[in-house]
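Peer 1: Got a structure for you, questions after.
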Amino acid sequence: SAVISQKPSRDICQRGTSLTIQCQVDSQVTMMFWYRQQPGQSLTLIATANQGSEATYESGFVIDKFPISRPNLTFSTLTVSNMSPEDSSIYLCSVRANRGTYEQYFGPGTRLTVT
Amino acid sequence: DAKTTQPPSMDCAEGRAANLPCNHSTISGNEYVYWYRQIHSQGPQYIIHGLKNNETNEMASLIITEDRKSSTLILPHATLRDTAVYYCIVRESNYQLIWGAGTKLIIKP
Numbered sequence: 149s150a151v152i153s154q155k156p157s158r159d160i161c162q163r164g165t166s167l168t169i170q171c172q173v174d175s176q177v178t179m180m181f182w183y184r185q186q187p188g189q190s191l192t193l194i195a196t197a198n199q200g201s202e203a204t205y206e207s208g209f210v211i212d213k214f215p216i217s218r219p220n221l222t223f224s225t226l227t228v229s230n231m232s233p234e235d236s237s238i239y240l241c242s243v244r245a246n247r248g249t250y251e252q253y254f255g256p257g258t259r260l261t262v263t
Numbered sequence: 021d022a023k024t025t026q027p028p029s030m031d032c033a034e035g036r037a038a039n040l041p042c043n044h045s046t047i048s049g050n051e052y053v054y055w056y057r058q059i060h061s062q063g064p065q066y067i068i069h070g071l072k073n074n075e076t077n078e079m080a081s082l083i084i085t086e087d088r089k090s091s092t093l094i095l096p097h098a099t100l101r102d103t104a105v106y107y108c109i110v111r112e113s114n115y116q117l118i119w120g121a122g123t124k125l126i127i128k129p
């Protein structure tokens with residue numbers, strides 16, 4: 149398994165500002181993912197971030213709003229830009245095992261509240 | 021859309037076995053059954069997965085029917101800390117997890 153940490157664990161931000169969330173993994177992984185979980189809802193995939201290539205965004209998510217960096221095999225950032233109250237969610241970083249049946253592991257999440 | 025159907029909620033008495041059902045009638049031959057759980061205010065936690073055979077680990081057992089159209093996750097001796105939302109997901113090993121609504125399991129003292 150992989151141990152994943154996220155910073156910050158929570159934040160309260162003002163409308164129109166941006167927040168960068170960091171994700172650190174204790175081992176090298178090829179595939180990392182960013183999810184959003186709105187209050188009372190299930191997980192929604194924002195994008196897939198592979199090292200050395202541009203992130204791949206799911207329908208409804210765009211790079212200008214959610215820019216992602218993946219500088220190496222153990223680290224990634226997600227920025228939530230020009231925030232509005234609708235961006236209030238838990239943002240989760242996830243990694244997939246490099247082999248076998250590709251189990252997926254999750255960080256503790258970043259709870260974002262936009263006022 | 022999620023390929024699985026789960027009851028929205030279940031109760032179980034502490035110390036008893038919790039049996040969580042999942043229907044996946046359209047599962048294909050290459051798709052695995054994965055179970056995750058999400059305890060309140062935490063990230064999802066991997067529990068177990070299987071293809072055809074029943075599986076057991078330190079957390080739970082997974083029973084898959086012979087036709088693979090349904091499965092049951094068994095927590096043999098449920099504790100209050102097992103209260104969580106449990107997600108059953110089917111996917112091919114290198115594909116995305118697609119999350120449904122899951123089953124909210126409440127363990128009662």
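Heads up: the protein sequence lines correspond to chains L and C, in order.
Residue 149 is where the first sequence starts when you use our numbering, and the numbers rise one by one after that.
Residue 21 is where the second sequence starts when you use our numbering, and the numbers rise one by one after that.
Where is the CB? At the ideal position from N, CA and C, for every residue including glycine.
Nothing here was measured: the structure is a model prediction, and the numbers come from that model.
1) Give a yes or no on whether the minimum CB-CB distance between H69(C) and chain L is below 8 Å.
2) Can you pull the DSSP bridge partners for L82(C)?
3) Below 9 Å between beta carbons is the criterion; list the residues of the region 232-263 of chain L that meet it against any residue of chain C, in chain order.
4) Whose Cβ in chain L lies nearer than 9 Å to the Cβ of G49(C)?
5) Could you check which residue in I109(C), K128(C), I127(C), I126(C) has the C-alpha nearest to that of W155(C)?
6) So which residues on chain L does W119(C) lean against when the C-beta distance must stay under 7 Å?
7) Please list, in chain order, the residues of the region 62-96 of chain C that have any C-beta partner in chain L closer than 9 Å.
8) Going by other Cβ atoms of all chains shown within 10 Å of its Cβ, with 16 needed for buried, is T196(L) buried or exposed?
9) Looking at the secondary structure, which residues open and close the beta strand (DSSP E) in which T123(C) lies?
10) Measure the beta-carbon distance from M231(L) to V210(L) and round it to whole angstroms, keeping in mind my assumption that it falls under 8 Å.
11) Chain L partners of Q116(C), CB-CB under 7 Å?
12) On the DSSP bridge assignment, give the partners of T192(L) in chain order.
13) Taking the C-alpha atoms as reference points, what is the distance between F181(L) and N198(L)?
14) Count the CB pairs spanning the region 24-31 of chain C and the region 161-180 of chain L that are closer than 8 Å, and state whether there are at least three.
15) Among the residues of its own chain, which have a CB less than 8 Å from the CB of F223(L), if the five just before and after it don't count?
16) If you pair each beta-carbon of the region 89-96 of chain C with each one of the region 26-46 of chain C, do three or more pairs fall below 8 Å?
17) Return the chain-ordered list of same chain residues with a C-beta closer than 7 Å to the C-beta of N246(L), the five sequence neighbours on each side being excluded.
18) Start and end of the beta strand (DSSP E) containing W55(C)?
19) Where do the ends of the beta strand (DSSP E) carrying P219(L) lie?
20) Give every residue of the same chain whose Cβ lies closer than 7 Å to the Cβ of S237(L), excluding the five residues on either side of it in the sequence, and list them in chain order.
21) Does DSSP classify L100(C) as helix, strand or coil?
22) To the nearest angstrom, how far is the alpha carbon of Q58(C) from that of K72(C)?
23) Find out if the Cβ-Cβ distance for the pair Y253(L), I152(L) is shorter than 8 Å.
Peer 2: With the structure as the only source:
1) Against chain L, the CB of H69(C) has a partner CB under 8 Å away; the residue lies at that interface.
2) For L82(C), DSSP records a beta bridge to E75(C), L93(C).
3) Residues of the region 232-263 of chain L that bring their beta carbon within less than 9 Å of a beta carbon in chain C comprise I238, L240, C241, S242, R244, G248, T249, Y250, E251, Q252, Y253, F254, G255, P256, G257, R259, in sequence order.
4) The premise fails here: G49(C) is roughly 15 Å from chain L at the closest Cβ pair, so nothing lies under 9 Å.
5) Residue 155(C) lies beyond the range of chain C shown here (21 to 129); nothing can be said about it.
6) Near W119(C) (Cβ distances below 7 Å), the residues of chain L are S190, L191.
7) Of all residues in the region 62-96 of chain C, those with a C-beta nearer than 9 Å to a C-beta of chain L are Q62, G63, P64, Q65, Y66, H69, L71, reading in chain order.
8) For T196(L), the number of other beta carbons within 10 angstroms of its own is at least 16, and it is reported as buried.
9) Annotation for T123(C): the continuous beta strand (DSSP E) segment containing it runs 123-128.
10) With a contact defined as Cβ atoms closer than 8 Å, M231(L) and V210(L) miss out at about 14 Å.
11) For Q116(C), the chain L residues whose C-beta falls within less than 7 Å of its own C-beta are L193, listed in chain order.
12) Residue pairing by DSSP puts T192(L) in a beta bridge opposite R184(L).
13) It is roughly 8 Å from the alpha-carbon of F181(L) to the alpha-carbon of N198(L).
14) Under the three-pair Cβ rule at 8 Å, the region 24-31 of chain C does not count as touching the region 161-180 of chain L.
15) Only Q170, C171, Q172, V173 meet the Cβ criterion.
16) Touching, yes, given that three or more Cβ pairs across the two stretches are closer than 8 Å.
17) So the qualifying residues of the chain are V177, T178.
18) It spans 51-58 - the beta strand (DSSP E) in which W55(C) sits, taken as one unbroken run.
19) Boundaries of the beta strand (DSSP E) harbouring P219(L): 216-220, taken from the DSSP string.
20) Closer than 7 Å at Cβ, skipping near neighbours: R184, Q185, Q186, L260.
21) DSSP places L100(C) in the helix class (H, G or I) of the three-state scheme.
22) Their backbone Cα atoms lie some 25 Å apart in a straight line.
23) Going by C-beta atoms, Y253(L) is nearer than 8 Å to I152(L).
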